[in-house]
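Heads up: the protein sequence lines correspond to chains G and L, in order.
Under this note's numbering, the first sequence has 59 at position 59, and the numbering climbs by one with no breaks.
With positions in the second sequence counted from 1, the corresponding number in this note's numbering is that position plus 1000.
Please read the structure below before turning to the comments.
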Amino acid sequence: MMSGSFWSMGFWSMGGYARYVWPCFACGLAVLAWNLWSARRFRVAARLRARRAATMAAGEQS
Amino acid sequence: MWTWFYKLASPPYVYGAAAALVPWFLGAAALALGVGLIDGLAFAPPDYQQGDAFRMIYVHVPSAILSLTVYTLMAVASAVALIWRIKVGHAVAAAAAPIGASFTVLALVTGSLWGRPMWGTYWAWDPRLTSELILLFLYVGVMSLRSAFEDPGRGDRAAALLATVGVVNVPIVHFSVVWWNSLHQGATIVKLGAPSMAGSMLWPLLSMWLGFMLFFAAVLCIRLQGEVLDRERQSAWVREAVKS
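Shown next as structure tokens:
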């Protein structure tokens, strides 16, 4: 088990490697968050483009 | 079996299946990542040589494995699209590329963060690190090539060709630590024989690995929906789908 409980300094200092360990996990979190955000944004934009194309096609038919 | 395979080539089927799978993949990924994170940070014992610095393995290894897995998937999808002229193959490859590139960047950055305390340097022109950097360049090349053509069909074919040829780098990355002298440690998990790691350290890693894979599947499905909508914009089923 990790040296020190969750609330103790032992946990947060990561045995003296905190300046490497925490940025590593922060980078992981940032990449996961970016992937989710950008994928959703891409899908929303694609839906808008498709809707615009559908509206134009309907306009041409009428 | 073949009916199911043919269904995979149908854009409306792929769009619907991807939409249905996203919440399941995301929920399972959140669970696996949560368990892996708590177990890896709070309960796994420190390594006898690397101390608590070894915990970086829980981000670095899943992202490095994913960088290779995603490239292989992209190459297979590209080859399927080129050989059988299945358009969904191009859509899968296009959706996978930015995700794979981001996980390659993550593997390189977390590797650097791990390298500083262990090797005394953030970067070395080591075979593993260099071949992983080439993998990133391949991802960037595939994405750039796809968008470099005015005709999307030509862009797809050129990108698919590069993705298929570039897959030769995947075994080079994996076996670089065996074929050449490397600062990087040898295979611990993905190798013949049992993993050379204590169970208390291994289980959180497997949980994080599963979580990263499920997360990739979820994000791929979301991006794939967008790709299919873009490519099938003129189809009647897309007009119906975007009405609501």
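Where is the CB? At the ideal position from N, CA and C, for every residue including glycine.
On a predicted model such as this, the values are computed, not experimentally measured, just so you know.
Against chain L, with Cβ distances strictly below 9 Å, would residue i count as a contact?
| i | result |
| --- | --- |
| G16(G) | yes |
| G59(G) | no |
Check whether the Cβ of residue i lies closer than 9 Å to any Cβ atom in chain G.
| i | result |
| --- | --- |
| R1128(L) | no |
| R1116(L) | yes |
| R1146(L) | no |
| V1059(L) | yes |
| Q1185(L) | no |
| L1229(L) | yes |
| F1215(L) | yes |
| M1201(L) | no |
| V1242(L) | yes |
| S1010(L) | no |
| V1070(L) | no |
| G1141(L) | no |
| L1113(L) | yes |
| A1218(L) | yes |
| I1222(L) | yes |
| G1226(L) | yes |
| V1014(L) | no |
| G1063(L) | Reading off the sequence shown, one finds Ser at residue 1063(L), where the question assumed Gly. At least one chain G Cβ lies under 9 Å of S1063(L). |
| M1197(L) | no |
| M1074(L) | no |
| R1154(L) | no |
| R1157(L) | no |
| R1233(L) | yes |
Keeping to the same chain, check which residues put their C-beta closer than 6 Å to that of residue i; ignore five residues upstream and five downstream.
| i | result |
| --- | --- |
| L1021(L) | C1221 |
| A1217(L) | F1025 |
| G1186(L) | V1177 |
| S1078(L) | A1093, A1160, A1163 and T1164 |
| V21(G) | M14 |
| P1012(L) | W1237 |
| M949(L) | Nothing about residue 949(L) can be read from this structure; chain L reaches only from 1001 to 1244. |
| W1180(L) | P1127 |
Nearest by alpha-carbon distance to residue i: which of the options is it?
| i | options | result |
| --- | --- | --- |
| Q1225(L) | A58(G), M56(G) and V44(G) | V44(G) |
| Y1139(L) | M1201(L), V1109(L) and F1103(L) | F1103(L) |
| L1183(L) | T1121(L), L1210(L) and N1169(L) | T1121(L) |
| P1045(L) | A1075(L), L1205(L), R1231(L) and L1133(L) | L1205(L) |
| A33(G) | R1231(L), L1229(L) and F1212(L) | F1212(L) |
| L1144(L) | A1158(L), A1029(L) and Q1234(L) | Correcting the residue identity first, residue 1144(L) is Ser in this sequence and not Leu. The shortest Cα separation from S1144(L) among A1158(L), A1029(L) and Q1234(L) belongs to A1158(L). |
| V1035(L) | W1203(L), L1214(L) and V1014(L) | W1203(L) |
| V1285(L) | R40(G), A26(G) and A50(G) | Lying before the first or after the last residue shown, residue 1285(L) is absent from chain L, which here runs from 1001 to 1244. |
| A1028(L) | L1229(L), L1210(L) and E1150(L) | L1210(L) |
| D1072(L) | V1167(L), S1200(L) and G1153(L) | The residue asked about is misnamed: residue 1072(L) is Thr in this sequence, not Asp. Looking at the Cα atoms, V1167(L) is the closest of the given residues. |
| F1259(L) | W1002(L), G1040(L) and I1065(L) | Given that chain L is displayed from residue 1001 to residue 1244, the structure contains no residue 1259(L) and the question cannot be resolved. |
| S1147(L) | I1172(L), V1173(L) and A1097(L) | A1097(L) |
| G1115(L) | G10(G), W12(G), Y17(G) and F11(G) | Y17(G) |
| C31(G) | T1069(L), A1042(L), L1136(L) and V1105(L) | According to the sequence displayed, residue 31(G) carries Val and not Cys. Selected option, being the one with the closest Cα: V1105(L). |
| G1155(L) | V1173(L), G1199(L), A1081(L) and Y1015(L) | A1081(L) |
| G1111(L) | F25(G), W12(G), F11(G) and G10(G) | F25(G) |
Beta-carbon within less than 7 Å of residue i's beta-carbon, same chain only, minus the 5 sequence neighbours each way: which residues are those?
| i | result |
| --- | --- |
| A1095(L) | L1220, R1223, L1224 and E1227 |
| D1052(L) | P1046 |
| I1057(L) | L1205 |
| I1134(L) | N1169 |
| G1100(L) | S1067, V1070, Y1071, M1074 and Y1139 |
If I measure Cβ to Cβ from residue i and keep anything under 8 Å in the same chain, skipping five residues before and after, which residues do I get?
| i | result |
| --- | --- |
| P1023(L) | none |
**OP:** Could you list the residues in the region 1035–1053 of chain L with a C-beta less than 9 Å from some C-beta on chain G, going in chain order?
**Re:** Sequence-ordered contacts of the region 1035–1053 of chain L with chain G read L1037, L1041, A1042, F1043, A1044, P1045, P1046, Q1050, G1051, D1052 and A1053 [C-beta pairs closer than 9 Å].
**OP:** Closer than 9 Å, Cβ to Cβ, to anything on chain G: give me those residues from the region 1089–1109 of chain L, in chain order.
**Re:** If the cut-off is 9 Å between Cβ atoms, the region 1089–1109 of chain L has A1095, P1098, I1099, S1102, F1103, V1105, L1106 and V1109 near chain G.
**OP:** Kindly confirm or deny that the region 1078–1093 of chain L and the region 53–61 of chain G touch, where touching means at least three C-beta pairs closer than 8 Å.
**Re:** The region 1078–1093 of chain L vs the region 53–61 of chain G: no contact.
**OP:** Output, in sequence order along the chain, the residues in the region 26–41 of chain G whose CB is closer than 8 Å to any CB in chain L.
**Re:** Of all residues in the region 26–41 of chain G, C27, G28, V31, L32, W34, N35, L36, S38, A39 and R40 have a Cβ within less than 8 Å of some Cβ in chain L.
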